[in-house]
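Notes for the one structure printed next.
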Amino acid sequence: MKHYRYDVIGILEVRWTEKGETTNGDFIRSGESNTHTKGVGMLLSVKARKALLSYNPVNSRLISARFTATPFNLTIINVYAPTSEASMDDIETFYGNLEEAVANTPKKDILIITGDWNAKVGDNNTGCESFMGKYGYGTINERGEQVLEFSTSHNLFICNTAFQQKPN
Numbered sequence: 029m030k031h032y033r034y035d036v037i038g039i040l041e042v043r044w045t046e047k048g049e050t051t052n053g054d055f056i057r058s059g060e061s062n063t064h065t066k067g068v069g070m071l072l073s074v075k076a077r078k079a080l081l082s083y084n085p086v087n088s089r090l091i092s093a094r095f096t097a098t099p100f101n102l103t104i105i106n107v108y109a110p111t112s113e114a115s116m117d118d119i120e121t122f123y124g125n126l127e128e129a130v131a132n133t134p135k136k137d138i139l140i141i142t143g144d145w146n147a148k149v150g151d152n153n154t155g156c157e158s159f160m161g162k163y164g165y166g167t168i169n170e171r172g173e174q175v176l177e178f179s180t181s182h183n184l185f186i187c188n189t190a191f192q193q194k195p196n
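Position one of the sequence shown corresponds to residue 29 (my numbering), numbered consecutively onward.
Given below as structure tokens:
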């Protein structure tokens with residue numbers, strides 16, 4: 029990672045157990061308590077470590093971190109949403125935890141939510157221009173509809189739809 033210029037990188041499928049950070053504080057994580065599955069984390073530059081105010085390792089699908097910044101502080105939430113095969117209980121738990129993390133974000137903070145939503149929001153942004161660009165991918169699926177609903181209700185923009193993707 030030394031060759032890349034970064035401040036915060038969201039990492040998914042960490043597969044480490046428990047919650048915590050590395051000795052030097054350059055990696056914060058949240059994993060399952062007893063299995064090496066799922067897991068989320070954030071790799072932090074020296075600059076980001078110094079700016080880190082707090083972090084909350086919610087569970088193996090969600091971690092949030094708050095940084096001092098100018099002119100407003102910054103909260104980053106890294107998510108690993110359940111797949112389409114997951115139970116409705118798992119989906120509701122995930123969105124409930126995410127709602128709580130957003131609600132706990134100070135109102136003046138800049139909020140960034142990153143990660144893998146396991147969703148397709150589709151490429152039709154008609155009527156959705158305020159929270160979705162014109163470069164969505166594929167055909168919208170049920171998880172994509174949930175992402176659109178969540179984005180709308182929290183006044184968030186789906187950034188990876190704002191620029192054209194390279195073809196697979």
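Where is the CB? At the ideal position from N, CA and C, for every residue including glycine.
Note that this is a predicted model, so its numbers are computed, not measured.
For residue i, three-class secondary structure by DSSP
i, result
"R57", "strand"
"T142", "strand"
"E46", "coil"
"N152", "coil"
Residue range of the unbroken beta strand (DSSP E) whose run includes residue i
i, result
"K75", "No beta strand (DSSP E) contains K75, which is instead part of the alpha helix (DSSP H) from V74 to A79."
"G38", "V36 to L40"
"R171", "Element bounds for R171: not the beta strand (DSSP E) but the alpha helix (DSSP H), E170 to S181."
Paired residues, beta bridge with residue i - DSSP
i, result
"P85", "I91"
"L71", "I37 and F55"
Residues near residue i by beta carbon distance below 6 Å, same chain, minus five either side
i, result
"E173", "none"
"Y83", "I56 and A93"
Same chain, Cβ closer than 8 Å to residue i, five either side skipped, listed in chain order
i, result
"F159", "L176, S179, T180, N183, L184, F185 and I186"
"N125", "V86, N87, R89 and L90"
Quiz item: Could you give the uninterrupted runs of the beta strand (DSSP E) lying entirely in the stretch 100 to 140, keeping only those of 3 residues or more?
Solution: 102 to 108
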